[in-house]
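Structure, as structure tokens:
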Amino acid sequence: MSDVANKINYLKKLYREIVLGFSVFDYSGEPIFIKHFSELDNGDLESERSNCFNIAKERGLQDREEKMVLLIKEGYWSREKEDEISRIKKEVSDYEMLLKNLVIKRQIISTKDKIRNLNRKLEEIHQEKAEVFGLCLEDFVEKKMNELTIFNSFYKNKTLNEKLFSEDEFDRLPEAEISKLVGILNNFYINFSHSEIKKICACHFFISIFGLCEGDAFNFFGKRICDLSILQINLFSQGRYFKSLMQSRNEQAMPPSDVMDDPDKMIEWYDQMSHGPKAESDGVSYFGASKSELQEMAGGKAIDVQEFAKKKNNSMSTKDFIEMHGI
Amino acid sequence: MKEKWLYNFDVEKTQKVKETVAEKDADGNDIEVSREVEKKIPNKFHILNPTRKIQDDASIFYSVKVSEGIKLGLVTKSYLMRKFQQEGVLPNAEDKKIHAENYSKAIKLEVDMETIKQNVSLSDAEKDLQISPLKSEYQELRTKIFDYENLNSSLFDNTAEKRASDLLNLWFVLHLLYAEKDGSQSCLFGDGSFDQKLDRLNAIEDSGDEFLTSVLEKGAFLIGRLNSGSSKEDLMAEIA
């Protein structure tokens, strides 16, 4: 079977799991079922968050702000360090923003280096802070929420009516077993990352089925919107977005069949469509870019100003410059 | 699933028990005579294997006690660590490397010994023969590791973390020590908060009850050792 056929079969498997609302994994040789959470499930988790918060607070566990006040008062931490964290974060964010707009390789490399160095410094300060602060209320609540997510995710059967562990069993589960379950859950989240959902929506089989539901989620899943899993909502939204991109093209601009057959190529096509067609006159110059970078950016249509000038007998008027930029 | 009990032990208690013996009366007839005699009866105690909930409670307790120590004016371990690093009091890179190597070797030996123990193709005698040299090497490494850690931890004796850690050991004793009576087990210090349990501990100590005092001593010793990473097998060997 070809790579593309394998890929499509795999995406069909993921699609099936999204529609069914659960995934099957192997746990110590036995099948276990991961429930795909809905927003209602997430809401339940969030209500537990405040319970955990109140219990720990009642027992005297300080939140980060309270701990910071104490540690600053006793001289183990300082406002300056907090300011430094904020400053570095801001710098990283500025450089990341800059990175998105850079096209010159040398500038990209140098900016990435700066970001890496800043992140390393940030990591050092965070590590020092973690040692000084120890366990805070927020850390505790986060840990409990992670455990609760694990507890609520796994089921014994596909009807999802019997959890894999009772509360008591889960409470006595060794750390090694919890790590195993975390590993399974991580794989699950990787399988259903946004890029995989996009690929499913770019598959021919999905486009055909989706075309029949007339943009109605109930027609597609047979469920109320509030009962849909988050993955179902993501799939439906992505499908609708791609359909609208497709509809915005006329018949002549439809992707060729070899693109239609490969979800990765289809995504490239959708991405090009979403950025819109570039006007012919979209001329632009980049300072510091090498010849090959310019050719790459212009899709092989870059013009060398010296060669252009030669054609004009080395004497260029404003009109010639405008012409060179295709305006 | 974790076993419910981390460790089980007996403490003998001198108790008056009714004893029935077969005797003959003056006429030579068989009779049964019951009388109360003092006997040493083994009483069962257990150390609870901490569940995740108990471990969470313990980490909250520890963190609260660290903050309490800081408020009381004790220095923190991380502060002292930085100070000692600047002054060159802490072990150098070479010492640390040797310690890390000893640690890895000890773990590898533990795994090797366990593999031999699980090997069904070996007889018990063969297993003993193969484990014996590994065991003495393991004990030697454990001593080195213990000495290194002991020396370094003594540098941090007067920190908020050390105070919290000592209190945490007490917390574990108050929460993990269980007594068995008529086949059912309950916490030796009953239910309630840390302070309520501590009151019961103090009451036992004040009572001068030799039996309960010896239960406390043995329980606290075992819990302390188990918390410091000793295996059940090590404990059994030490107690024997």
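Chains as they are written, first to last, in the numbering used here: chain A, 1 to 327; chain B, 1 to 240.
C-beta: ideal position from N, C-alpha, C; glycine also.
As the structure is a computational prediction, the values presented were derived from the model and not from experiment.
Please classify residue i as buried or exposed, where buried requires at least 16 neighbouring CB atoms within 10 angstroms.
i: PHE146 (chain B); result: exposed
i: GLN62 (chain A); result: buried
i: THR76 (chain B); result: buried
i: LYS278 (chain A); result: Unreliable placement is indicated for LYS278 (chain A), whose pLDDT of 44 sits below 50; the coordinate value is still reported in the next sentence. LYS278 (chain A) is exposed by the Cβ-count criterion.
i: ARG79 (chain A); result: exposed
i: SER63 (chain B); result: buried
i: TYR189 (chain A); result: exposed
i: SER67 (chain B); result: buried
i: PRO255 (chain A); result: buried
i: HIS36 (chain A); result: buried
i: ASP94 (chain A); result: exposed
i: LYS198 (chain A); result: buried
i: ARG329 (chain A); result: Since the first residue of chain A shown is 1 and the last is 327, residue 329 (chain A) is not available in this structure.
i: GLU161 (chain B); result: buried
i: HIS46 (chain B); result: buried
i: VAL242 (chain B); result: Absent from the model: residue 242 (chain B). The displayed extent of chain B is 1 to 240, so no value can be given.
i: GLU147 (chain A); result: buried
i: LYS197 (chain B); result: buried
i: ALA93 (chain B); result: exposed
Got a sec: is the Cβ-Cβ distance from residue i to anything in chain A below 8 Å?
i: SER63 (chain B); result: yes
i: LYS71 (chain B); result: yes
i: SER78 (chain B); result: yes
i: THR159 (chain B); result: no
i: LYS2 (chain B); result: yes
i: SER207 (chain B); result: no
i: ILE60 (chain B); result: yes
i: SER165 (chain B); result: no
i: SER67 (chain B); result: yes
Please state whether the Cβ-Cβ distance between residue i and residue j is less than 8 Å.
i: PHE194 (chain B); j: TRP171 (chain B); result: yes
i: VAL141 (chain A); j: ALA56 (chain A); result: yes
i: SER153 (chain A); j: LEU118 (chain A); result: no
i: ILE116 (chain B); j: GLN139 (chain B); result: no
i: LYS2 (chain B); j: ASN49 (chain B); result: yes
i: ILE85 (chain A); j: ILE125 (chain A); result: yes
i: ALA202 (chain A); j: MET266 (chain A); result: yes
i: HIS175 (chain B); j: ILE60 (chain B); result: no
i: LEU134 (chain B); j: MET113 (chain B); result: yes
i: PHE192 (chain A); j: LEU228 (chain A); result: no
i: LEU133 (chain A); j: ARG64 (chain A); result: Before going on, a small fix: residue 133 (chain A) reads as Phe here, not Leu. Cβ distance < 8 Å, so PHE133 (chain A) and ARG64 (chain A) count as in contact.
i: LYS245 (chain B); j: ASP10 (chain B); result: In the structure displayed, chain B extends from 1 to 240; residue 245 (chain B) sits before or after that span and is not available.
i: LYS163 (chain A); j: CYS52 (chain A); result: no
i: GLU96 (chain A); j: ILE108 (chain A); result: no
i: VAL4 (chain A); j: ASP261 (chain A); result: yes
i: ILE223 (chain B); j: LEU177 (chain B); result: yes
i: ARG35 (chain B); j: GLU19 (chain B); result: yes
i: LEU40 (chain A); j: CYS213 (chain A); result: no
i: SER78 (chain B); j: GLU167 (chain A); result: no
i: LEU14 (chain A); j: ILE233 (chain A); result: no
Give a yes or no on whether 8 Å exceeds the smallest Cβ distance from residue i to chain B.
i: LYS278 (chain A); result: Reliability of the predicted coordinates at LYS278 (chain A) is poor, the pLDDT of 44 falling under 50, and no value is obtained from them.
i: GLU131 (chain A); result: yes
i: LEU135 (chain A); result: yes
i: GLU169 (chain A); result: yes
i: ARG172 (chain A); result: yes
i: PHE140 (chain A); result: yes
i: TYR155 (chain A); result: no
Residues of chain D with CB closer than 8 Å to the CB of residue i, please, in chain order.
i: TYR76 (chain A); result: Annotation note: the requested chain D is absent from the structure, which comprises protein chains A and B.
Name, going along the chain, the residues of the region 174 to 204 of chain A whose beta-carbon falls closer than 7 Å to a beta-carbon of chain B. Of all residues in the region 174 to 204 of chain A, those with a C-beta nearer than 7 Å to a C-beta of chain B are PRO174, reading in chain order.
So within the region 147 to 213 of chain B, which uninterrupted beta strand (DSSP E) runs reach at least 3 residues, ignoring any that extend past its ends? Segments of the beta strand (DSSP E) lying fully in the region 147 to 213 of chain B: 177 to 181 and 184 to 187.
Can you give me, in chain order, the residues of the region 62 to 74 of chain A that have a beta carbon less than 8 Å from any beta carbon in chain B? Hits within the stretch, in order: GLN62, LYS67, LEU70, LEU71 and GLU74.
Output, in sequence order along the chain, the residues in the region 34 to 65 of chain A whose CB is closer than 8 Å to any CB in chain B. ALA56, ARG59, GLY60, LEU61 and GLN62
Contacting positions in the region 45 to 57 of chain B - beta carbon closer than 9 Å to chain A: ASN49, THR51, ARG52, LYS53, ILE54, ASP56 and ASP57
Please specify which runs of the alpha helix (DSSP H), each continuous and at least 4 residues long, are wholly inside the region 225 to 258 of chain A, giving them in chain order. 230 to 247
My parser needs the beta strand (DSSP E) runs of 3 or more residues fully inside the region 30 to 115 of chain A; what are they? Correct list: 30 to 35.
Runs of 3 residues minimum, wholly inside the region 192 to 220 of chain A: which ones carry the beta strand (DSSP E) assignment? Taken in chain order, no unbroken stretch of beta strand (DSSP E) lies wholly in the region 192 to 220 of chain A with a span of 3 residues or more.
What runs of the beta strand (DSSP E), each 3 residues or longer, lie entirely inside the region 5 to 51 of chain B? For the region 5 to 51 of chain B, the continuous beta strand (DSSP E) assignments of 3+ residues that do not extend past its boundaries occur at 5 to 24 and 30 to 48, in sequence order.
Kindly provide the ranges of any alpha helix (DSSP H) runs that are 4 or more residues long and lie completely inside the region 117 to 165 of chain A, ordered along the chain. 137 to 153
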